[in-house]
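If you read the sequence shown in my numbering, its first letter stands for residue 767, the second for the next number, and so on.
Beta carbons are placed, not taken as given, at the ideal position from N, Cα and C, and that holds for glycine.
Model, not experiment: these values are computed from the prediction.
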Amino acid sequence: MKKSSKPTKTPAPAKKSAPAPKAPASAAKTASPKTAAPKATAPKAIVTTISARIDVGFGNSLFVRGEGPGLSWDQGVAMECTGDDQWTLVLGESARPLAFKFLINDQVWSVGEDYSAKPGSSLLLVPTF
């Protein structure tokens, strides 16, 4: 057998990279509530909910007329039937109190004085006709 005159190179061992520096223990903790930036939340809309408990009869609907967001004394806004004798209307924001009355089929007015509601309130009323 013939020996080679070229020396064989043994590959050098791979160098280990230096470990990543560790963060100080104080940085690993979460920021305290005093220094954390407050989370931005969208403000909740102030709505007024008017509900009425009355059976207006099959095929009839309950309406509201008045003064406030989306209301007029000239034309009523239909309430949503949410149960056998439950009607509900949700009105948007208003800075002033609301004044209103109920009507059956937007024609027959409820008896008595006008109702009123503070902005953001939720009322359950029992109108009479």
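Taking the beta strand (DSSP E) that residue i falls in, what are its first and last residues?
| i | result |
| --- | --- |
| Trp839 | Counting along the chain, Trp839 falls outside any beta strand (DSSP E), and DSSP gives it neither H nor E. |
| Val830 | 828-833 |
| Glu879 | That residue, Glu879, is in no beta strand (DSSP E); it is neither H nor E in DSSP. |
| Ile870 | 864-870 |
| Glu846 | 846-849 |
| Ile816 | 814-819 |
| Ser888 | 888-891 |
| Thr854 | 852-857 |
Apart from the five residues on each side of it in sequence, which residues of its chain come closer than 6 Å, Cβ to Cβ, to residue i?
| i | result |
| --- | --- |
| Glu833 | Ala865 |
| Ser876 | Lys867, Phe868, Pro893, Phe895 |
| Leu889 | Ile816, Ala883 |
| Trp839 | Arg831 |
| Pro863 | Ser882, Lys884 |
Have a look at residue i and residue j and give me their C-alpha separation to the nearest angstrom.
| i | j | result |
| --- | --- | --- |
| Gly823 | Ile816 | 20 Å |
| Leu891 | Trp853 | 10 Å |
| Glu879 | Thr807 | 40 Å |
| Arg819 | Ala811 | 25 Å |
| Arg831 | Val874 | 11 Å |
Taking the CB atoms as reference points, tell me whether residue i and residue j lie closer together than 8 Å.
| i | j | result |
| --- | --- | --- |
| Gly910 | Pro835 | For the chain, the structure presents residues 767 to 895; residue 910 sits outside this window and is missing. |
| Glu846 | Leu837 | no |
| Asp872 | Asp851 | no |
So is the beta-carbon of residue i under 7 Å away from any non-hydrogen atom of the ligand HEM?
| i | result |
| --- | --- |
| Ser882 | Judged by which ligands are present, the structure shown has none, so any question about the ligand HEM falls away. |
Does the beta-carbon of residue i have 16 or more other beta-carbons within 10 angstroms, so that it is buried, or is it exposed?
| i | result |
| --- | --- |
| Gly886 | exposed |
| Ala710 | Residue coverage of the chain in this structure runs from 767 to 895, which leaves residue 710 outside it and unanswerable. |
| Gly842 | buried |
Identify, in the order they occur along the chain, each residue of the same chain with its Cβ nearer than 7 Å to the Cβ of residue i, setting aside the five sequence neighbours on each side.
| i | result |
| --- | --- |
| Ala844 | Ser827, Phe829 |
| Ile870 | Val822, Asn826, Leu828, Phe895 |
Grab me the residues of residue i's own chain with a C-beta within less than 8 Å of its C-beta, minus the 5 sequence neighbours each way, in chain order.
| i | result |
| --- | --- |
| Val813 | Val856, Leu857, Gly858, Glu859, Gly886 |
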